[in-house]
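Peer 1:
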Amino acid sequence: MRGSSKVTAMVAVGVAAALVLTGCSKKNEDAAGGGATSAASSAASSAATSGGGSSSEKVKVAFVPKLQGVPYFEAMNTGGQEAAAALGNVEWLYQGPTQADAAAQADIVRSFIQQQVDTLIVAPNDPDSMAPLLQQAKDAGIHVATSDTDAPTSVREVFVNQASAQGIGEGLTDALLDAMGGSGKYAIVSCGQTAENLNSWIEVQKAYTAEQYPDAEIVDIVYAGEDQARATQQATDLMNAHPDLTGLVGECTSSAPGVAQAVRDAGRIGQVFTVGLGTPQSMKPYLADGSSSASILWDVENLGYLTAWAGAQLAQDQSFEATNDVSDTLDAVEYDDATKTLLLGPALAITAENVDQFSY
Amino acid sequence: MSVHTDERPDPGLPAGEPPAARPTPRRRVLPSPVSGQELVLLGVIVVLWIVLAFATPAFFTAGSIQPLLVATAPIALVGIGMTIVIITGGIDVSVGAAIMVCAVLTAKLLVDAGLSLLPAVLVSMAVGAVLGLVNGVLIAYGRVHAIIITFGTANLFQWLGLQIFASKTVNGIPQTFDVFGRGVAGRTFGVPHAFLITVVIAALAWWYLRHTAGGRHFYAIGGDANAARLAGIRVQRRVLLAYVITGVLVGLGACFTIAQGTSTLDQSVGSGKELAVIAAVVIGGTSIMGGRGSVLGTLLGALLVQTVSSGVTQLGWNSNLSDLFVGVFIIIAVGADLLRERARRAR
């Protein structure tokens, strides 16, 4: 039996390795996605034949989020549907992978290319591997764009930007130092260490803090992944390591409530202040008891609205003005021709006063 | 009744004895209460704590040690079940997804039905038990290796959990579970409840595995399932039980996880925890081949991993270094286990 248990152990190690590898298979989607692609495309072609004729008047705008089923992108979907209803001539299609995985996302993009949508908009998990797919879409006569996260090296015609890195970074810094009284030591609990948008905000925070608040100092930056409990524990460790710490930043939607929870658990509300990029409903209890001073975000539904509107503009071959009147609430959306970027607007500070205006 | 875990011949076996009716009180042969690896682990943890206490003065304070113990609890708790599973020669890679199912269901009941503490904990444990039962039945009676089955159920549980989430985070979770949390409500006389419960359950499991026939059957199965069957052990029932125990502990661990998180639960809950739990078990000296191991080691393994993680943050080092250290610990632990196994067979 020794031999067979050895074999089992080998199998165990092999499958464990496979488990780990599938977790990080972002780059080789062409090798791995072969079978899945044909299945997806056959499903797509049957969908196209069954639903093709009815909506010939409307332009089809498809949006592929990084991940389906999370409140952030569902809120974008809500905004996109609103835009489709308001504009009248747009059919809004929304489908994303169930895990934030580049290969699964690529399959969905391919299926939309098969369906010959008019505009394809992606929030890429991996911008580099998305670029050739966007080229494919363009070759097939489809307008391509990015939203939420850019693929700067791709052939995308426009990037719908939720807020500038400058806007987010400065918004976070101002909100935190306003609570801290303009000086003191603070630390940042970030999430993915390679997340480009998070890192670009942190760079702004560093520069802006040094420039605007000479008496303030960022003592540490740690990375918790998407794990709430880990973010909370790291925030606790940071408070222990730096007894004179008076501020914490939660850089993403899982660490923003995490740092606030740590302050609440340590019983240091009013001594240590936190801000973060948290969705309004998740921050509500912390804004209420003061463990969070503010959440810096943008109106996600409006971002969805703007994305759908931009998709329709592209589909109808209309160009963007320097300032665009999109809707009642988005009456002056700026377009930068050099970077081909639509900017949603300034960052939004969510506080105890206005948190109830947001349903997500 | 034969215990695989020791090198000495088992005098409980009738083979060497004359077939006389001499009613000798049969002495049980037990492995030593604490293994070498556990002592080494304890030593490493003590040294680390001393070093950290000097390197960063705030480390050895209640405000730092208490949260560390709270964070250790869910991994160690699920690790107790995982230890039993691995002792039988199996493995359970579905615990992360099972934590997600238990956590989201319990969190929703806390929010929507306003469940109080005890019913909520019981519901979570019952759900965990059902998930464990699914694993156990498939593995014990399906005769497919545990890693394949639990790999499958991990995906099923993941799907189930996502269905329950229904594309929304669970918001506004009440503070019902604060007794298991990091805050003041989570401690009595300075001892975190979550850790205390984990230690008590670990002690019970340690006693059960060591001092009852039923407990020692797990080792026999992991050592050689066929021999165990021939010796009259109901192998399938034992194996089933191992996964159900793990499921129940997953249910309780999910409550600890909710308590340690924020008032919002998102779909990342439980993600990757199976690897953290297996790491704690392996570092604790349990042989991945089955047949040897102890829950005491697992408790120490989980404590070591969390000490490293907290230590790295408190020292201001790059967060990724904790992955490096844990990886090195796993390789050292597995290597030590293989060397011991070779030495044993060479004798």
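The listed protein sequences derive, respectively, from chains Z and B. Going by our numbering, the first residue of the first sequence is number 126, and it counts up by one from there. Going by our numbering, the first residue of the second sequence is number 9, and it counts up by one from there. Using N, Cα and C, we set each Cβ at its ideal position, and we do this for glycine too.
#1: Taking the alpha-carbon positions, what's the L192/Z to P222/Z distance?
#2: Which residues in chain B have a C-beta closer than 7 angstroms to the C-beta of G266/Z? List them in chain order.
#3: Does the beta carbon of P196/Z come closer than 9 angstroms to any beta carbon on chain B?
#4: Would a C-beta distance cut-off of 9 angstroms place V215/Z and A433/Z closer than the cut-off?
#5: Do you know how far the Cα of N449/Z is from the Cα of D462/Z?
#6: Is the separation between the beta-carbon of I253/B and that of I92/B shorter than 9 angstroms?
#7: What number of angstroms, rounded off, separates the C-alpha of A332/Z from the C-alpha of A162/B?
#8: What three-state label does DSSP hand T361/Z in the structure shown?
#9: Considering only residues of the same chain and omitting the five flanking positions on each side of S272/Z, which have a CB-CB separation below 6 angstroms?
#10: State the DSSP-derived secondary structure class of A270/Z, mapped to helix, strand or coil.
#11: As an exercise, report each continuous beta strand (DSSP E) stretch of at least 3 residues that is fully enclosed by the segment 214-240 of chain B, in chain order.
#12: Would you verify that the beta carbon of V59/B is, or is not, closer than 9 angstroms to some beta carbon of chain Z?
#13: Under 9 angstroms, Cβ to Cβ, is there at least one residue of chain B near V347/Z?
#14: State yes or no: is the C-beta of A267/B within less than 9 angstroms of the C-beta of A202/B?
#15: Is K331/Z helix, strand or coil when you go by DSSP?
#16: Taking T357/Z as the query, report the chain B residues whose CB atoms sit under 8 angstroms from its CB, ordered along the chain.
#17: When burial is assigned at 16 or more other CB atoms within 10 Å of the CB, is Q322/B buried or exposed?
#18: Going along chain Z, which residues have a C-beta under 7 angstroms from S175/B?
#19: Quick one: any contact between the segment 236-243 of chain B and the segment 117-127 of chain B, if contact means 3 or more CB pairs under 8 angstroms?
#20: Is the segment 201-215 of chain Z touching the segment 410-427 of chain Z, taking contact as three or more C-beta pairs under 8 angstroms?
#21: Are P252/Z and E321/Z close, meaning C-beta to C-beta below 9 angstroms?
#22: Assuming P382/Z and T272/B are in contact, meaning their beta carbons sit under 8 angstroms apart, how far apart are those beta carbons, in whole angstroms?
#23: Find out if the Cβ-Cβ distance for the pair I475/Z, M408/Z is shorter than 9 angstroms.
#24: What whole-angstrom Cβ distance do T357/Z and T270/B have, given they're in contact under 8 angstroms?
#25: When the Cα of R355/Z is compared with those of Q239/Z, H268/Z and S315/Z, which residue comes out closest?
#26: Cα separation between Y251/B and L139/B?
#27: Measuring straight from C-alpha to C-alpha, what distance separates Q183/B and G194/B?
#28: Using 9 angstroms as the threshold, is the C-beta distance between M90/B and T306/B below it?
#29: Quick one: Cα of S420/Z to Cα of I58/B, how far?
#30: Go through the segment 329-417 of chain Z residue by residue and report every complete run of the alpha helix (DSSP H) that reaches 4 residues or more, in order.
#31: Taking three-plus beta-carbon pairs below 8 angstroms as touching, is the segment 297-315 of chain Z in contact with the segment 364-379 of chain Z?
#32: Give the DSSP-derived three-state secondary structure of W217/Z in the structure shown.
#33: Is the segment 324-341 of chain Z in contact with the segment 288-299 of chain Z, if contact means three or more CB pairs nearer than 8 angstroms?
#34: In three-state terms, what does DSSP make of I475/Z?
#35: Of all the residues that make up the segment 386-414 of chain Z, which are near chain B by a beta-carbon distance shorter than 8 angstroms?
#36: If we define contact as Cβ-Cβ less than 9 angstroms, is T298/Z a contact residue for chain B?
Peer 2: Checking against the coordinates, here is how it stands:
#1: Taking the first sequence and counting its residues from 1, one reaches residue 192/Z at position 67. Taking the first sequence and counting its residues from 1, one reaches residue 222/Z at position 97. Rounded to whole angstroms, L192/Z to P222/Z spans 5 angstroms at the Cα level.
#2: Start at 1 with the first residue of the first sequence, and residue 266/Z comes out as number 141. By Cβ distance, chain B contributes nothing, its closest Cβ being about 32 angstroms from G266/Z, past 7 angstroms.
#3: Here residue 196/Z is taken as the residue at index 71 of the first sequence, counted from 1. For P196/Z, the nearest beta carbon of chain B is closer than 9 angstroms to its own beta carbon.
#4: As a first step, residue 215/Z must be located in the first sequence, where it is residue number 90. As a first step, residue 433/Z must be located in the first sequence, where it is residue number 308. Result yes, Cβ atoms of V215/Z and A433/Z sit closer than 9 angstroms.
#5: In the first sequence, counting from the first residue as 1, residue 462/Z sits at position 337. In the first sequence, counting from the first residue as 1, residue 449/Z sits at position 324. Spanning the two alpha carbons is a distance of roughly 13 angstroms.
#6: In the second sequence, counting from the first residue as 1, residue 253/B sits at position 245. In the second sequence, counting from the first residue as 1, residue 92/B sits at position 84. Taking the C-beta atoms as reference points, I92/B is found nearer than 9 angstroms to I253/B.
#7: If you number the first sequence from 1, residue 332/Z lands on position 207. If you number the second sequence from 1, residue 162/B lands on position 154. Whole-angstrom Cα-Cα distance: 44 angstroms.
#8: Indexing the first sequence from 1 puts residue 361/Z at position 236. Helix, per DSSP.
#9: Translated into positions along the first sequence, residue 272/Z becomes position 147. Apart from sequence neighbours up to five positions away, the residues of its chain that approach S272/Z with a beta-carbon distance below 6 angstroms are I246, A248, V285 and T432, ordered along the chain.
#10: Translated into positions along the first sequence, residue 270/Z becomes position 145. In the structure shown, A270/Z sits in a strand (DSSP, three-state: E or B).
#11: With a minimum length of 3 residues, no continuous beta strand (DSSP E) run stays inside the segment 214-240 of chain B.
#12: Working through the second sequence from its first residue, we reach residue 59/B at position 51. For V59/B, the answer is no, since every Cβ of chain Z falls outside 9 angstroms of its Cβ.
#13: Position 222 of the first sequence holds residue 347/Z. Yes - at least one Cβ of chain B is within 9 angstroms of the one on V347/Z.
#14: Along the second sequence, read from residue 1 onward, the residue named residue 267/B stands at position 259. Along the second sequence, read from residue 1 onward, the residue named residue 202/B stands at position 194. The criterion of a C-beta distance shorter than 9 angstroms is satisfied by A267/B and A202/B.
#15: Within the first sequence, residue 331/Z is the residue found at index 206, counting from 1. K331/Z: helix per DSSP, three-state reduction.
#16: The count along the first sequence starts at 1 and reaches residue 357/Z at position 232. Correct list: R190, Q268, G269 and T270.
#17: The residue labelled residue 322/B in the question sits at position 314 within the second sequence. Looking at its Cβ environment, which holds 16 or more other Cβ atoms inside 10 Å, Q322/B is buried.
#18: For this step, residue 175/B is matched to residue 167 along the second sequence. G194 and E199, listed in chain order.
#19: In short, these stretches do not touch, since the Cβ pair count stays below three.
#20: Touching, yes.
#21: Position 127 of the first sequence, counted from the first residue, corresponds to residue 252/Z. Position 196 of the first sequence, counted from the first residue, corresponds to residue 321/Z. One thing to note: P252/Z has its Cβ within 9 angstroms of the Cβ of E321/Z.
#22: Counting from one through the first sequence, the residue named residue 382/Z turns up at place 257. Counting from one through the second sequence, the residue named residue 272/B turns up at place 264. In this structure P382/Z touches T272/B by the C-beta definition: roughly 6 angstroms separates them, less than 8 angstroms.
#23: Position 350 of the first sequence, counted from the start, is the residue given in the question as residue 475/Z. Position 283 of the first sequence, counted from the start, is the residue given in the question as residue 408/Z. Taking 9 angstroms as the Cβ cut-off, I475/Z and M408/Z qualify as a contacting pair.
#24: Taking the first sequence and counting its residues from 1, one reaches residue 357/Z at position 232. Taking the second sequence and counting its residues from 1, one reaches residue 270/B at position 262. Taking the Cβ atoms as the reference, T357/Z lies roughly 7 angstroms from T270/B, within the contact range of under 8 angstroms.
#25: Taking the first sequence and counting its residues from 1, one reaches residue 355/Z at position 230. Comparing alpha-carbon positions, the option among Q239/Z, H268/Z and S315/Z lying closest to R355/Z turns out to be S315/Z.
#26: For the purposes of this step, residue 251/B is taken as residue 243 along the second sequence, with counting starting at 1. For the purposes of this step, residue 139/B is taken as residue 131 along the second sequence, with counting starting at 1. When rounded, the distance between both Cα atoms is 9 angstroms.
#27: The count along the second sequence starts at 1 and reaches residue 183/B at position 175. The count along the second sequence starts at 1 and reaches residue 194/B at position 186. If you take the alpha carbons of Q183/B and G194/B, they lie about 11 angstroms apart.
#28: Position 82 of the second sequence, counted from the start, is the residue given in the question as residue 90/B. Position 298 of the second sequence, counted from the start, is the residue given in the question as residue 306/B. Against a cut-off of 9 angstroms, the Cβ pair of T306/B and M90/B comes out as a contact.
#29: Residue numbering aside, residue 420/Z sits at position 295 when the first sequence is read from its first letter. Residue numbering aside, residue 58/B sits at position 50 when the second sequence is read from its first letter. In a straight line, the C-alpha of S420/Z is about 39 angstroms away from that of I58/B.
#30: Those alpha helix (DSSP H) runs which fall completely within the segment 329-417 of chain Z and span 4+ residues are 353-366, 380-390 and 405-414.
#31: Yes, the segment 297-315 of chain Z touches the segment 364-379 of chain Z.
#32: For the purposes of this step, residue 217/Z is taken as the residue at position 92 of the first sequence. Residue state, collapsed to three classes: strand.
#33: Touching, yes.
#34: Your numbering for residue 475/Z matches position 350 in the first sequence. Of the three classes helix, strand and coil, the one that applies to I475/Z here is strand, per DSSP.
#35: Residues passing the 8 angstroms Cβ filter: Q386, A387, R389, D390, A391, G392, T404, Q406, S407, K409, P410 and Y411.
#36: Here the question's residue 298/Z lines up with position 173 in the first sequence. Cβ-Cβ to chain B under 9 angstroms: no for T298/Z.
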